[in-house]
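Chains as they are written, first to last, in UniProt numbering: chain X, 1 to 196; chain F, 1 to 196. Idealized CB from N, CA, C, for every residue including glycine. The structure displayed is predicted, hence computed values, not measured ones.
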DNA sequence: TTATTTAAAGCTATCCGTTAGTGTTACGGT
DNA sequence: ACCGTAACACTAACGGATAGCTTTAAATAA
């Protein structure tokens with residue numbers, strides 16, 4: 001039961017996963033998401049359909065492969081911020097970085113594809129909501145903030161809203177400039193139940 | 001082209017639709033959403049599967065039959081409010097009524113079923129987002145409010161968040177008491193670009 | 001080394017939601 | 001009475017996803 005980190009097995013598994021993801025994204029961008037079937041992806045990646053689904057939970061998940069650290073980055077923006085740095089600006093910085101990342105030219109075709117597919121949009125929405133839950137937990141867990149759990153959940157949602165609103169806005173950074181003062185005001189209005 | 005409201009045809013169509021919805025909801029509550037297939041519902045309602053799908057766009061839509069006026073009620077809360085009544089309290093009243101409606105004992109089993117099914121939760125989330133778009137339009141269309149389109153979209157999202165957060169909270173009304181002051185602060189912070 | 005265990009991948013067959021194609025019935029307008 | 005068409009039915013299939021079982025090959029024990 002030695003803890004071999006880089007056995008051949010795990011490398012091969014990771015390679016298979018990567019090959020599937022790469023193939024899928026390539027085919028999706030070439031022919032369109034709806035025009036490519038799971039069987040096409042599996043055949044082109046030279047794996048069985050069951051293997052594909054042992055690596056990815058659904059067809060949509062193939063597209064959001066890279067997006068995995070979104071949740072981690074947001075929660076770390078809360079937990080790893082400088083001592084006594086206020087919450088909202090820290091979150092704003094991270095959201096700005098994330099929005100820039102997904103509106104960059106390199107990511108544009110992918111997000112264009114997502115926006116064009118109802119199934120992908122729906123999937124994106126639902127993972128964002130799960131991210132909001134994680135963010136809410138991180139906020140609620142910080143005793144220095146001293147807000148109720150409801151306030152934490154609420155602000156977490158608002159921050160996720162900021163991300164998706166900015167992503168869809170014609171000028172994402174200007175949208176954030178407008179939304180975050182609103183979030184800040186909401187956060188202040190939530191008050192600190194006990195701060196003596 | 002007379003506007004016959006109660007032709008036999010339309011009555012029969014409505015009856016068929018109602019029978020399908022009733023049958024579906026009954027079977028779902030009896031045996032569980034996942035344990036009942038579309039073919040089961042169609043057989044029990046004595047219609048063809050294709051007929052079922054000509055009345056409802058998806059299996060999930062069968063569950064949200066009643067919930068159709070959600071969007072209309074919210075947008076009307078904006079457009080039909082008393083002259084010069086501020087926006088946020090009007091929205092708060094309506095959200096409170098909607099939350100009470102869906103947390104009432106009669107609706108409890110349905111919402112329990114929804115919360116238990118990932119597919120239904122996802123569907124619910126996505127229709128709420130579409131409702132937010134409609135609400136944003138209603139807000140942006142009111143010249144008396146004088147907020148930017150981004151601010152309108154943002155507040156609309158926040159209001160929808162309030163609904164779903166309250167619905168899931170242990171004490172929904174207390175949650176609204178906490179969330180709406182935050183929304184109000186956000187709305188005030190958005191300011192009125194031109195009000196002279 | 002050889003043997004054993006176990007994780008990864010494969011194959012087959014199928015379920016289930018959903019849709020296309022094609023009729024058939026019966027209501028409504030003329 | 002006639003015709004157009006809306007509602008519904010039937011068959012067949014498509015595409016995503018899964019269950020059950022076998023095969024391959026890496027890790028570990030002997």
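field: Coarse secondary structure for residue 47 of chain X, derived from DSSP in three states
entry: Counting from one through the first chain, the residue named residue 47 of chain X turns up at place 47. In the structure shown, residue 47 of chain X sits in coil (DSSP, three-state: anything other than H, G, I, E or B).
So which residues on chain F does residue 125 of chain X lean against when the C-beta distance must stay under 7 angstroms?
Position 125 of the first chain, counting from 1, holds the residue named residue 125 of chain X. Chain F residues near residue 125 of chain X: 125, 126 and 129.
message: Run through chain F and tell me which residues come within less than 8 angstroms of residue 181 of chain X, C-beta to C-beta.
response: The residue you call residue 181 of chain X lines up with position 181 of the first chain. Within 8 angstroms Cβ-Cβ: 189 and 190.
Cβ closer than 9 angstroms: which chain F residues qualify as neighbours of residue 103 of chain X? The residue labelled residue 103 of chain X in the question sits at position 103 within the first chain. Neighbours of residue 103 of chain X on chain F: none; closest Cβ ~16 angstroms, over 9 angstroms.
Taking just the CA atoms, how far does residue 11 of chain X sit from residue 4 of chain X?
Stepping through the first chain from its first residue, residue 4 of chain X is reached at position 4. Stepping through the first chain from its first residue, residue 11 of chain X is reached at position 11. Any reading at residue 4 of chain X needs caution, since the residue's pLDDT is 45, under 50, leaving its predicted position unreliable; the model's value is listed next. Using only the alpha carbons, I get a separation of about 11 angstroms.
Point to revise | Nearest neighbour of residue 150 of chain X, chosen from X/187, X/49 and X/168 [CA to CA] | key: Against the first chain, residue 150 of chain X aligns to sequence position 150. For residue 150 of chain X, the nearest C-alpha among the options comes from X/187.
* Asked: Does the Cβ-Cβ distance between residue 176 of chain X and residue 185 of chain X come in under 8 angstroms?
  -> As a working mapping, residue 176 of chain X is identified with position 176 in the first chain. As a working mapping, residue 185 of chain X is identified with position 185 in the first chain. Not in contact: residue 176 of chain X and residue 185 of chain X (Cβ atoms no closer than 8 angstroms).
What does a CB cutoff of less than 8 angstroms around residue 40 of chain X pick up in its chain, not counting 5 residues either side in sequence?
-> In the first chain, counting from the first residue as 1, residue 40 of chain X sits at position 40. For residue 40 of chain X, where only same-chain residues beyond five positions count, the Cβ hits under 8 angstroms are 27.
If residue 63 of chain F sits next to residue 114 of chain F, beta carbons under 8 angstroms apart, how far is it from one beta carbon to the other, in whole angstroms? As a working mapping, residue 63 of chain F is identified with position 63 in the second chain. As a working mapping, residue 114 of chain F is identified with position 114 in the second chain. The pair is a contact, with the Cβ atoms about 7 angstroms apart (cut-off 8 angstroms).
Local Cβ density within 10 Å of residue 118 of chain F, reported as buried at 16 or more and exposed below that = Taking the first residue of the second chain as position 1, residue 118 of chain F is located at position 118. Burial call: exposed.
Next on the checklist: Can you list, in chain order, the residues of its chain with a C-beta nearer than 7 angstroms to that of residue 138 of chain X? Leave out the 5 residues immediately preceding and following it.
Outcome noted: In the first chain, the residue the question calls residue 138 of chain X occupies position 138. Taken in chain order, the residues that qualify are 75, 78 and 79.
Use the C-beta contact count for residue 49 of chain F: other C-beta atoms within 10 angstroms, 16 or more gives buried, fewer gives exposed.
-> Counted from its first residue, the second chain places residue 49 of chain F at position 49. With fewer than 16 other Cβ atoms within 10 Å, it is exposed.
Measure how close the beta-carbons of residue 98 of chain F and residue 72 of chain F come, nearest whole angstrom, since I'm counting them as under 8 angstroms.
Residue numbering aside, residue 98 of chain F sits at position 98 when the second chain is read from its first letter. Residue numbering aside, residue 72 of chain F sits at position 72 when the second chain is read from its first letter. Residue 98 of chain F to residue 72 of chain F, Cβ: 11 angstroms. No contact.
- Find out if the Cβ-Cβ distance for the pair residue 154 of chain F, residue 129 of chain X is shorter than 8 angstroms. Walking along the second chain from the start, residue 154 of chain F turns up at place 154. Walking along the first chain from the start, residue 129 of chain X turns up at place 129. No, they are not a contact pair.
* To do: Find out if the Cβ-Cβ distance for the pair residue 159 of chain F, residue 110 of chain F is shorter than 8 angstroms.
  => Indexing the second chain from 1 puts residue 159 of chain F at position 159. Indexing the second chain from 1 puts residue 110 of chain F at position 110. For residue 159 of chain F and residue 110 of chain F, no; Cβs fall outside 8 angstroms.
In chain X, what lies closer than 7 angstroms to residue 153 of chain F by C-beta?
Translated into the one-based positions of the second chain, residue 153 of chain F becomes position 153. Within chain X, the residues near residue 153 of chain F are 165.
Measuring alpha carbon to alpha carbon, tell me which residue in X/14, X/143, X/116 and X/20 is nearest residue 86 of chain X. Sequence index remark: in the first chain, residue 86 of chain X carries index 86 (1-based). Considering only alpha carbons, the answer is X/143.
Based on Cα-Cα distance, which residue from X/190, X/189, X/179 and X/191 lies nearest to residue 93 of chain X? As a position in the first chain, residue 93 of chain X is number 93, starting the count at 1. Nearest of X/190, X/189, X/179 and X/191 to residue 93 of chain X, Cα basis: X/179.
Only counting runs of 4 or more residues, tell me where the alpha helix (DSSP H) segments fall wholly within the segment 20-93 of chain F, in order along the chain.
38-45, 49-55, 59-63 and 70-79
- Message: Contact criterion: CB-CB distance below 8 angstroms. Does residue 178 of chain X meet it with respect to chain F?
- Response: By 1-based counting over the first chain, the position of residue 178 of chain X is 178. Interface residue, yes.
Practice task
Kindly list, in the order they appear in chain X, the residues whose Cβ is closer than 8 angstroms to that of residue 161 of chain F.
Solution key: By 1-based counting over the second chain, the position of residue 161 of chain F is 161. Under the 8 angstroms cutoff, chain X gives 154, 157, 158 and 161.
Identity of the residue in F/20, F/66 and F/133 nearest residue 152 of chain F by Cα: Looking up residue 152 of chain F in the second chain gives position 152. Checked all of F/20, F/66 and F/133; the closest Cα to residue 152 of chain F is F/133.
Exercise. Do you know how far the Cα of residue 140 of chain F is from the Cα of residue 69 of chain F?
Worked result: Translated into positions along the second chain, residue 69 of chain F becomes position 69. Translated into positions along the second chain, residue 140 of chain F becomes position 140. Cα to Cα, residue 69 of chain F sits roughly 20 angstroms from residue 140 of chain F.
query = When you compare each of F/83, F/116, F/121 and F/66 to residue 106 of chain F by their alpha carbons, which one comes out closest?
reply = Translated into the one-based positions of the second chain, residue 106 of chain F becomes position 106. Out of F/83, F/116, F/121 and F/66, F/66 has the C-alpha closest to the C-alpha of residue 106 of chain F.
Notebook entry, point to check: Grouping DSSP H, G and I as helix and E and B as strand, with all else coil, what is residue 167 of chain F?
Noted result: Residue numbering aside, residue 167 of chain F sits at position 167 when the second chain is read from its first letter. Residue state, collapsed to three classes: helix.
According to DSSP, is residue 147 of chain X helix, strand or coil?
The residue labelled residue 147 of chain X in the question sits at position 147 within the first chain. Coil, per DSSP.
CA-CA distance, residue 195 of chain F and residue 147 of chain F? For the purposes of this step, residue 195 of chain F is taken as residue 195 along the second chain, with counting starting at 1. For the purposes of this step, residue 147 of chain F is taken as residue 147 along the second chain, with counting starting at 1. Unreliable positioning characterises residue 195 of chain F in this predicted model, as indicated by a pLDDT of 45, which lies under 50. The coordinate reading is nonetheless provided below. Those two C-alpha atoms are separated by around 10 angstroms.
- Query: For a contact meaning CB atoms closer than 8 angstroms, what does residue 169 of chain X contact in chain F?
  - Reply: One-based indexing of the first chain puts residue 169 of chain X at position 169. Ordered by position in chain F, the residues that pass the 8 angstroms Cβ test against residue 169 of chain X are 150.
Between residue 124 of chain X and residue 108 of chain X, what straight-line distance do the alpha-carbon atoms span, to the nearest angstrom? Numbered from its first residue, the first chain carries residue 124 of chain X at position 124. Numbered from its first residue, the first chain carries residue 108 of chain X at position 108. So the alpha carbons of these two residues sit roughly 15 angstroms apart.
Helix, strand or coil for residue 184 of chain F? Go by DSSP, reduced to three states. For the purposes of this step, residue 184 of chain F is identified with residue 184 of the second chain, where counting begins at 1. The answer is helix: DSSP assigns residue 184 of chain F an H, G or I state.
Other residues of its chain near residue 103 of chain F: CB distance less than 8 angstroms, five sequence neighbours each side excluded: Within the second chain, residue 103 of chain F is the residue found at index 103, counting from 1. Excluding sequence neighbours, residue 103 of chain F sits near 111, 167 and 172.
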